[in-house]
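*Asks:* If you read the sequence shown in this note's numbering, its first letter stands for residue -8, the second for the next number, and so on.
Quick reminder that beta carbons are idealized off the backbone N, C-alpha and C, glycines included.
All of these numbers come straight from a predicted model, not from anything done at the bench.
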Amino acid sequence: MIHERLANLKKTLPPQVKLIAVSKTKPATLIQEAYDAGQRVFGENKAQEMQQKHALLPHDIEWHFIGHLQTNKVKYIAPFVHLIHSVDSLKLLNEINREAQKNNRMIDCLLQFHIATEETKFGLDMEEVKQLLQSDEFQSFENIRICGVMGMATFTDNEETIRKEFRTLKHVFDLLKQTFFSGTPSFKEISMGMSSDFPIAIEEGATMIRVGSLIFGARNDSKH
Ligand SMILES: *Cc1c(COP(=O)(O)O)cnc(C)c1O
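(1) Beta carbon of residue 202: closer than 8 Å to some heavy atom of ligand 1?
(2) Hey, how far is the Cα of residue 19 from the Cα of residue 137?
(3) May I ask you to report which of helix, strand or coil DSSP gives residue 13?
(4) Taking one C-beta from the region 111 to 126 and one from the region 174 to 186 each time, how about it: are there three or more such pairs within less than 8 Å?
(5) Pick out the complete beta strand (DSSP E) segments inside the region 168 to 209, 3 residues or longer, and give them in chain order.
(6) Would the beta-carbon of residue 103 fall within 9 Å of that of residue 84?
(7) Determine the extent of the alpha helix (DSSP H) in which residue 127 is found, giving its start and end residues.
(8) Starting from residue 52, trace the beta strand (DSSP E) in both directions and tell me its first and last residue.
(9) Can you say whether residue -1 is buried or exposed, counting buried as having 16 or more other CB atoms within 10 angstroms of its CB?
(10) Is residue 207 buried or exposed, if buried means 16 or more other CB atoms sit within 10 Å of its CB?
(11) So is the beta-carbon of residue 210 under 8 Å away from any non-hydrogen atom of ligand 1?
(12) With DSSP as the reference, identify every bridge partner of residue 139, one or two as the case may be.
(13) Given 8 Å as the limit, tell me if residue 131 has its C-beta closer than that to any heavy atom belonging to ligand 1.
(14) Report the option in 146, 95, 105 and 201 whose CA atom is closest to the CA atom of residue 66.
Okay, structure coming up:
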């Protein structure tokens, strides 16, 4: 089942788009199934759950953290996390930098933007990001690499709303690239699009999509 779903999904993706298989709430056995089908990149939204799965599963898996991350949980994922998609404060970046230092490594991060009209979605706005990037504290971080931006569209059937929000994120990316990262080739990622809206995200410039239920089936917990 998973093998087939993955194969069908991958057929539709342009080669430059990276697929993050979102395995949150799913058992390690199902992740292993996707691994055996060739998938190496997985996304989780709870630090301890990700830590446990990392310990159980093959070590060439790329673990992407995609959920709201509390500062006191960074330590669980800092030794191995491949990319944190959901950085939404200077305080969190500071903690990631500290933990990265302790582990003697760089940690790649994306800045999460608030593009949806919903109040419930986390993320920064343009003013906050500019302040963050211009702060002395940010300049002092040596163990963090900002690789791009991430966003979640409003949960709606209205395709035009979704497209507009993804387009906003692409504009934000272009502006930041121009203003702060023109000499930084590693600033290149736009993480947007989930099971319901990834085709639109790809049309609007996504370089990474985060797809869960389409691969692993529906989750019981709709909050996840
Ligand atoms: C759960 C989740 C996804 C995947 O959602 P699906 O609808 O199952 O594809 C993508 N991004 C984030 C941030 C998520 O929390």
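*Replies:* Considering the structure as presented:
(1) At least one heavy atom of ligand 1 is nearer than 8 Å to the Cβ of residue 202, so yes.
(2) A straight-line Cα-Cα distance of about 30 Å links residue 19 and residue 137.
(3) strand
(4) A contact is defined here as three or more CB-CB pairs under 8 Å, and the region 111 to 126 fails this definition with respect to the region 174 to 186.
(5) 180 to 182 and 199 to 202
(6) no
(7) 127 to 131
(8) From DSSP, residue 52 is part of no beta strand (DSSP E); its letter is neither H nor E.
(9) exposed
(10) buried
(11) yes
(12) 101 and 180
(13) No, since every heavy atom of ligand 1 falls outside the 8 Å radius drawn around the Cβ of residue 131.
(14) 95
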